[in-house]
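Written out below as structure tokens is the structure these notes cover.
Numbering (my numbering), first residue to last: 8 to 371.
Below, the structure is given as structure tokens:
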């Protein structure tokens, strides 16, 4: 007997942190709000309101750069306890419709509403009702994507932001993917996108014309993944009990650098990003790993386990700088730096799983 067509919703809160600050501080409403460090610090942007995004401010860019892009921006320190509580309230709304809820972070989640608690056969109407309840109970807006699988639902949730939703029904999947820019496909970052463009792949339709052998030869194991996504195939279930194993961030530089002070400056920014992601996921970790890729693409990693779980940016940076001394950075040019934190306190091998365990991420 055939399984029913899955109905997946991806709910993504609109500028979550910044929207909470605008909600709680009426004087911030309609103004560019940046949640992160001070503009004269080495911190990075955790979130930006839509008013700030008009100036080119995005998450993960340095706060100093954000201040230059918009001198009138209001900089606000993060209030993660408040954000976590609002996230819990939103998650309770989700559970009124299905137990198959897979949080990805505090501000987004997948829901499988194929068989939902309200008995509504229309996932589109379920998504609209969820968004209405979020607005009514929290004063915040959310966007949603509805599709037959997680890959497509996540793309759809971004189509009508903010405060909108979009549906990609099964009969439209082929046409939608044919025109989709290849950079919008999961796993296709800037480097992979350039590699695909070099072989004439600009859209999902172009990608579909490539054989699985050619894709695996060029992209390794990811080739099979890209081959399936180009055909709208994504059988990953919505996994409510999925456990994050690690949190990481990395940066590939436009040029190769040998100057240690320059590299340490960028390592500081990466450590801030990792710390914010750990806080956003309500977790901390014991093992810190530094990743270095030299100009000839040789890659090395160095790891250290600290005394106790941490999500403190200074601890992460201090450890990463110590690990940097164990590499040839400074005598060889470096094209990429990355920091990962694993051995997390939501790992069943090392600690208990919090009720708000987030979606799994690979270390790199």
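All C-beta atoms in this analysis are idealised placements derived from N, C-alpha and C, irrespective of residue type, glycine included. Quick caveat, the model's predicted, so the values are computed rather than measured.
By the Cβ neighbour-count rule, residue 204 is exposed, with fewer than 16 other Cβ atoms within 10 Å of its own.
Taking all protein chains in view, the Cβ of residue 108 is crowded by 16 or more other Cβ atoms within 10 Å, so the residue is classified as buried.
Under the three-state reduction of DSSP output, residue 63 falls in the coil class, being neither helix nor strand.
The alpha-carbon of residue 350 is positioned some 43 Å away from that of residue 178. When beta bridges are read from the DSSP output, residue 153 appears opposite 16 and 174. Judged by pairs of C-beta atoms under 8 Å, the segment 303-323 does not touch the segment 213-231, as fewer than three such pairs exist.
Pairing residue 147 with residue 153 gives a Cβ-Cβ distance that is not under 9 Å. Listed as beta-bridge partners of residue 82 by DSSP are 41. Taken in chain order, the complete alpha helix (DSSP H) segments of 4 or more residues contained in the segment 72-123 are 87-102.
Assignment of beta-bridge partners to residue 301 by DSSP yields 341. Beta-bridge annotation (DSSP): residue 264 is paired with 341. In terms of Cβ geometry, residue 52 and residue 68 form a close pair [threshold 9 Å]. With respect to residue 343, residue 274 sits apart: the two C-beta atoms are not nearer than 9 Å. The alpha-carbon separation between residue 65 and residue 11 amounts to approximately 39 Å. The straight-line gap separating the alpha-carbon atoms of residue 150 and residue 161 is approximately 10 Å. Residue 192 sits in coil when the DSSP states are folded into three classes, being neither helix nor strand. Contact check for residue 14 and residue 121: beta-carbon distance about 5 Å, within the 8 Å limit, so the pair qualifies. Where residue 245 is concerned, there is no enclosing beta strand (DSSP E), because DSSP gives it neither an H nor an E. Within the same chain, Cβ atoms closer than 8 Å to the Cβ of residue 281 are found at 254, 255, 256, 320, 323, 346, 347 and 348, the five residues on either side in sequence being excluded. Here DSSP, grouped into helix, strand and coil, assigns residue 166 to coil. 23 is the residue among 45, 169, 78 and 23 whose C-alpha sits nearest the C-alpha of residue 54. Pairing residue 116 with residue 286, the inter-Cα distance amounts to about 17 Å.
Under the DSSP definition of a beta bridge, residue 351 partners with 292. Between residue 119 and residue 244, the C-beta spacing is below 9 Å.
DSSP places residue 69 within a strand segment (E or B) once states are collapsed to three. Comparing alpha carbon positions, the residue from 166, 124, 158 and 96 closest to residue 232 is 158.
For residue 26, the enclosing alpha helix (DSSP H) stretches over residues 23-31.
The beta carbon of residue 95 lies closer than 6 Å to none in the same chain, with the five residues before and after it left out.
Per DSSP, residue 36 lies in no beta strand (DSSP E) segment and is marked neither H nor E.
Residue 315 sits in a strand when the DSSP states are folded into three classes.
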